[in-house]
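Novice: So the protein sequences, as listed, match chains U and L. Going by the numbering used here, the first sequence opens with residue 303, and the numbers climb by one from there. Going by the numbering used here, the second sequence opens with residue -17, and the numbers climb by one from there. Pasting in a structure now, in structure tokens, and then I'll have a few things to ask.
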Amino acid sequence: MSYDLSQFYPVFFAEAAEHLDAMESLLLGLNHQAPDAEDLNAVFRTAHSIKGAAGTFGFTDMAELTHILEGLLDRVRKGELGLSDPLVDACLQARDVLHKQLATHRDGAPSDPDAASVIADRLAAFSISLQAPQLASTSASVSAGLVLEFYLPGSVPDQALLAEKLCRELSDFGNTHVLSSPSVEGQLWRIHIESCEDAEGAVGVVEFLAHDVHAITDESGTIAQQGGARKIQEESAFGLFEPEPAHADNEVESAYGLFSENMPTPNADSGDDSYGFFSALPPIAETITPPANKRLAANVDTTIRVGVDKVDLIINQVGELVITHAMLQQIASALDPVTFERLHNGLAQLERNSRDLQASIMTMRMVPISMAFSRFPRVVRDLSVKLGKQVELKISGESTELDRGLIERIIDPLTHLIRNGLDHGIESPVQRRAKGKSEVGLITLKAYQLSGTVVVEVGDDGAGLDRARILTKARERGMQVHDAMSDQAVWALIFEAGFSTADVVTDVSGRGVGMDVVKRNITALGGRIDIESMVGIGTRMTVRLPLTLAIVDGMSVAVGGESYIIPLGYVLESLQPDDAMVKRMGGVERLIQIRETYVPLIVLHELFGVRNALTDFSQGIIVLLEVDGRRAAVFVDALLGQHQVVIKSLETNYRKVFGIAAATIMGDGRVAFVLDAVALVSKANAAVQAAA
Amino acid sequence: MSKEALGHEYLSFLLGGEEYAIDILRVQEIRGYEAVTSIAHAPAFIKGVINLRGAIVPIIDLRIKFGIGLAEYTAFTVVIVLNVGERIVGIVVDAVSDVLTVHDEAIRPPPELTSTVDLRYITGLAMLDERMLILVDIEGLMLSSEMALVDESIS
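See the structure below:
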């Protein structure tokens, strides 16, 4: 009889991914000369947890690989095997393979069994010479019986089957007996395991499916309450077991003061700043780290995991509430304000409340940028090894929040900027010494909020951009350049398609297929990127992004009977034209003269085929847009006002329409379209160039 | 009694003088026609989009698409909101007539005649007393490229 475990797969995928991330950052933080015992334990536990869970759910490929990895890590933590760079590299590779395997199970990505066997062999090679001592150590460990107490989730239809499955999993740890099996759901289960050596592992297996897990040794009671510290967070996300500090405290008290140096705390600042001082001044480490631990634990306890779709649903519903209010307001506006004073007051209050509610719910979509930043230590480490450079990555402002949707889409551009800085910016150690710099290059990654935008800076203390070389390359590519160009204009050249100044094309960068894509991606998000650079000092790329993709500040304009929203970020100005300002070019394309310059004109009602719109230019309004330094003017009937609008995808139920970025719902409940300023401006400019 | 013997439930609606029927499980709701926001460069039968409790839903007038019936919009014009392939779309028809149970044995294959609706999407004809129902695979029809509802790259 088999029990359908597939309902727990999403939980497993989420947790396994978390464990893999934790494993990576722990491995990267290990001090090879004097590894901290608690860190080694933590790494071991991540592997162990994945193994147990993968086995339970029948993902044998992951279970097998983690089994080997776990064995190796176990030996390392027992001091039978010394840490070395190749060993950590192998572990990191194994972690990557596991990550791919996870993706295979989750998304159906193509699997690569060869990679798994290659890395398995490599891991096994480390432990072959050390078979003998292991026997001695296991026989020395204490065996004791263990009683596990736990509750099974009420959502499971057949609890007895689930318990049976659990017992089978637990039999790896020793012979099992069910001591009490409640007939009513929500009552305590008790399972006894004979001579269990790995109480923690057993708890891990149970916690995957059950909650409120307590482990009690039947002789001494020394590991009682193991699961107690994790009780609170279990309620909504049963089985969320991470190697968090609370857990760690139980085991190795003596390592307390030191271990957060290498822990993946959200605030890595203290760790980074104390780099180099750590060994010399241990007291500092001791005073700084305990608060960091507590904060982390507190964060975990007060967090619940909620699906994005649920949040989006609430956002929609609140949007509806705001619209309903607008409808009531409209009806009430016809009523006498004196007679119906209380109604009007009530409506005003309702408006305030619903706006507040909307604003609060929007913050639920915001997540710390550390979700994106956390992967960069690995990127920098791998790349600096590959390039033979010594590089330190300094991250600050990880707690800066921005929209979840944005996080996913800035990872690639940021990765590219960092790789670029490392490859082209930072010099080789020899060159750096010759210049009198420290051999260790520095890459800084910094995020902060600035007046409604999020700014991310990627800096390096490398050679800086070479103005002369960029100009030479630009000429070779036939670009229009001259020596008197401003630095800013010269730096902007590296964002042109196919531009690369690398002398040697490496597999890291240098094919010139990067910076233009970076810029395009960032512009598509409504952001922009600026470069500052000084020869010999370094380069800094500054990316500015909107806080959220879900709301946009827009200007609503009328065209015929329709209204459209123009994102305010692209609007330079609006003005009333007269007929003389509009010129024809090439018979079709129109230009409008604005002061000294000619700008392509987009007649919105022609573009969108709207009837009953104004056709006389002198009666309407021109809105001047600028995207990336290129301009276009949009002709509309009238300006209606400024709004914050909630962005709705048109593609959910329909498809992409040229010139329209998204849809939104106006105060009266009708749908209005948000103009795609980026596409409109670039098409208008291209059309004018073609006509010229 | 097995489900087969019970037959399937269909929602029938009128288009011109003809009676069509679609799988009731595809129907999310039926509502009155309301003003739409028209979409640039869309085919004439795509009237535009509406706000359906926060979702942006395209509205298709089947009367225009099939060239039958009078495409006028009155207080009695109805929209059938459908759930097709994870999408929500609304269709305008002359009138909704009935919810019917059609037994499989009552369904005849469609004749090989030219028809306003592409024969690929007609699953059969059902005779009920004096009425003839044209059974339409509404999901296939709505997601087909001729409806222009879905990006080519996706479909």
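Each residue gets a CB set at the ideal place from its N, CA and C atoms; glycine is no exception. Nothing here was measured: the structure is a model prediction, and the numbers come from that model.
Can you list, in chain order, the residues of its chain whose CB lies under 7 Å from that of residue 821/U, leaving out five sequence neighbours each side?
Specialist: Taking the first sequence and counting its residues from 1, the one referred to as residue 821/U is at position 519. If we look at residue 821/U and ignore the five residues flanking it on each side, its Cβ neighbours are 797, 831.
Novice: Do you know offhand how far residue 399/U's Cα is from residue 365/U's?
Specialist: For the purposes of this step, residue 399/U is taken as the residue at position 97 of the first sequence. For the purposes of this step, residue 365/U is taken as the residue at position 63 of the first sequence. Distance between the alpha carbons of residue 399/U and residue 365/U is about 12 Å.
Novice: Kindly confirm or deny that the stretch 783 to 793 of chain U and the stretch 674 to 694 of chain U touch, where touching means at least three C-beta pairs closer than 8 Å.
Specialist: Verdict: no, contact absent.
Novice: Going along chain L in order, which residues have a C-beta closer than 9 Å to the C-beta of residue 965/U?
Specialist: As a working mapping, residue 965/U is identified with position 663 in the first sequence. Simply 19, 31, 33, 38.
Novice: Please report how far the alpha carbon of residue 968/U lies from the alpha carbon of residue 68/L, in whole angstroms.
Specialist: As a position in the first sequence, residue 968/U is number 666, starting the count at 1. As a position in the second sequence, residue 68/L is number 86, starting the count at 1. Looking at the two C-alpha atoms, the distance is approximately 25 Å.
Novice: Report buried or exposed for residue 311/U, applying the criterion of at least 16 other Cβ atoms within 10 angstroms of its Cβ.
Specialist: By one-based count along the first sequence, residue 311/U stands at place 9. The residue in question, residue 311/U, is exposed, as its Cβ has fewer than 16 Cβ neighbours within 10 Å.
Novice: Under 8 Å, Cβ to Cβ, is there at least one residue of chain L near residue 630/U?
Specialist: In the first sequence, counting from the first residue as 1, residue 630/U sits at position 328. No, residue 630/U lies away from the interface with chain L (no Cβ there is under 8 Å from its Cβ).
Novice: Thinking C-beta only, is residue 841/U closer than 8 Å to residue 766/U?
Specialist: Position 464 of the first sequence holds residue 766/U. Position 539 of the first sequence holds residue 841/U. Yes, Cβ-Cβ distance for residue 766/U and residue 841/U is below 8 Å.
Novice: Reducing DSSP to helix, strand and coil, say where residue 402/U ends up.
Specialist: The residue given as residue 402/U occupies position 100 in the first sequence. Here residue 402/U sits in helix by DSSP.
Novice: Using a beta-carbon distance cut-off of less than 9 Å, what residues from the stretch 902 to 929 of chain U approach chain L?
Specialist: From the stretch 902 to 929 of chain U, only 909, 910, 911, 912 have a Cβ closer than 9 Å to chain L.
Novice: So, is residue 881/U buried or exposed, given that buried needs 16 or more other C-beta atoms within 10 angstroms?
Specialist: Within the first sequence, numbered from 1, the residue matching residue 881/U stands at position 579. Classification of residue 881/U: exposed, given that the 10 Å Cβ count is below 16.
Novice: Residues of chain U with CB under 8 Å from residue 116/L, in chain order?
Specialist: Position 134 of the second sequence, counting from 1, holds the residue named residue 116/L. Within chain U, no residue comes near residue 116/L; the closest Cβ sits about 26 Å away, beyond 8 Å.
Novice: Would you call the CB atoms of residue 396/U and residue 453/U closer than 8 Å?
Specialist: For the purposes of this step, residue 396/U is identified with residue 94 of the first sequence, where counting begins at 1. For the purposes of this step, residue 453/U is identified with residue 151 of the first sequence, where counting begins at 1. No, these two residues do not count as a Cβ contact at 8 Å.
Novice: Beta carbons nearer than 7 Å to chain U: which residues of the stretch 54 to 80 of chain L have them?
Specialist: Residues 69, 70, 71.
Novice: Measuring CB atoms only, is the stretch 703 to 723 of chain U touching the stretch 357 to 371 of chain U, in the sense that at least three cross pairs come out at less than 8 Å?
Specialist: No, they do not touch.
Novice: Below 8 Å between beta carbons: does that hold for residue 919/U and residue 884/U?
Specialist: For the purposes of this step, residue 919/U is taken as residue 617 along the first sequence, with counting starting at 1. For the purposes of this step, residue 884/U is taken as residue 582 along the first sequence, with counting starting at 1. Going by C-beta atoms, residue 919/U is nearer than 8 Å to residue 884/U.
Novice: For a contact defined as C-beta to C-beta under 9 Å, what are the partners of residue 974/U on chain L?
Specialist: The residue given as residue 974/U occupies position 672 in the first sequence. Neighbours of residue 974/U on chain L, chain order: 19.
Novice: Does DSSP put residue 32/L in a helix, a strand or coil?
Specialist: The residue you call residue 32/L lines up with position 50 of the second sequence. In the structure shown, residue 32/L sits in a strand (DSSP, three-state: E or B).
Novice: Residue 955/U CB to nearest chain L CB: under 8 Å?
Specialist: One-based indexing of the first sequence puts residue 955/U at position 653. It does; some Cβ of chain L falls within 8 Å.
Novice: Do residue 955/U and residue 88/L come within 8 Å of each other at the CB atom, strictly closer than that value?
Specialist: Residue 88/L sits at position 106 when you count from the first residue of the second sequence. Residue 955/U sits at position 653 when you count from the first residue of the first sequence. The answer is no: Cβ separation not under 8 Å.
Novice: Classify residue 960/U: buried if its beta carbon has 16 or more other beta carbons within 10 angstroms, exposed otherwise.
Specialist: Locating residue 960/U in the first sequence gives position 658, where the first residue counts as 1. Per the 10 Å Cβ criterion, exposed.
Novice: So, helix, strand or coil for residue 428/U, using DSSP?
Specialist: Residue numbering aside, residue 428/U sits at position 126 when the first sequence is read from its first letter. The answer is helix: DSSP assigns residue 428/U an H, G or I state.
Novice: Are residue 915/U and residue 971/U close, meaning C-beta to C-beta below 8 Å?
Specialist: Within the first sequence, the letter at position 613 stands for residue 915/U. Within the first sequence, the letter at position 669 stands for residue 971/U. No, the pair does not count as a contact, with Cβ atoms beyond the cut-off.
Novice: Taking Cβ positions, are residue 986/U and residue 976/U nearer each other than 8 Å?
Specialist: Reading the first sequence from its first residue, position 684 is the one you call residue 986/U. Reading the first sequence from its first residue, position 674 is the one you call residue 976/U. No, they are not a contact pair.
Novice: Three-state secondary structure (DSSP) at residue 82/L?
Specialist: Residue numbering aside, residue 82/L sits at position 100 when the second sequence is read from its first letter. The answer is strand: DSSP assigns residue 82/L an E or B state.
Novice: Give the interface partners of residue 621/U over in chain L, defined as CB-CB distance under 9 Å, in chain order.
Specialist: Within the first sequence, the letter at position 319 stands for residue 621/U. Those are 36, listed as they occur along chain L.
Novice: Spatial neighbours of residue 543/U within its chain, please: CB distance less than 7 Å, with the 5 preceding and 5 following residues excluded, ordered by chain position.
Specialist: Stepping through the first sequence from its first residue, residue 543/U is reached at position 241. The predicted model places residue 543/U with a pLDDT of 43, which falls under 50 and marks its position as unreliable, so this point remains unresolved.
Novice: Residue 133/L touches chain U at which residues, Cβ-Cβ below 7 Å?
Specialist: Within the second sequence, the letter at position 151 stands for residue 133/L. Near residue 133/L (Cβ distances below 7 Å), the residues of chain U are 957, 958.
Novice: Put residue 377/U into one of helix, strand or coil per three-state DSSP.
Specialist: For this step, residue 377/U is matched to residue 75 along the first sequence. Of the three classes helix, strand and coil, the one that applies to residue 377/U here is helix, per DSSP.
Novice: CA-CA distance, residue 467/U and residue 419/U?
Specialist: Residue mapping note: residue 467/U aligns to position 165 of the first sequence, counting from 1. Residue mapping note: residue 419/U aligns to position 117 of the first sequence, counting from 1. Cα-Cα distance, rounded: 29 Å.
Novice: Quick check on residue 918/U: does DSSP put it in helix, strand or coil?
Specialist: Numbered from 1 along the first sequence, position 616 holds the residue referred to as residue 918/U. In the structure shown, residue 918/U sits in coil (DSSP, three-state: anything other than H, G, I, E or B).
Novice: Taking Cβ-Cβ distances below 8 Å as the criterion, which residues of the stretch 940 to 952 of chain U are in contact with chain L?
Specialist: So the list reads 950, 951, 952, given in the order they occur along the chain.
Novice: Under 9 Å between beta-carbons, which chain U residues line up against residue 22/L? List them in chain order, please.
Specialist: On the second sequence, position 40 is the one that residue 22/L refers to. By Cβ distance, chain U contributes 909, 910, 911, 912, 959, 960, 961, 962, 975.
Novice: Looking at the structure shown, is residue 930/U part of a helix, part of a strand, or coil, going by DSSP?
Specialist: Looking up residue 930/U in the first sequence gives position 628. If DSSP states are grouped into helix, strand and coil, residue 930/U belongs with coil.
Novice: What residues of chain L sit near residue 707/U, judged by a beta carbon separation below 9 Å?
Specialist: Locating residue 707/U in the first sequence gives position 405, where the first residue counts as 1. Neighbours of residue 707/U on chain L: none; closest Cβ ~17 Å, over 9 Å.
Novice: Compare the C-beta of residue 609/U against all C-beta atoms of chain L and say whether one is closer than 8 Å.
Specialist: Translated into positions along the first sequence, residue 609/U becomes position 307. It does not: the Cβ of residue 609/U has no partner Cβ on chain L nearer than 8 Å.
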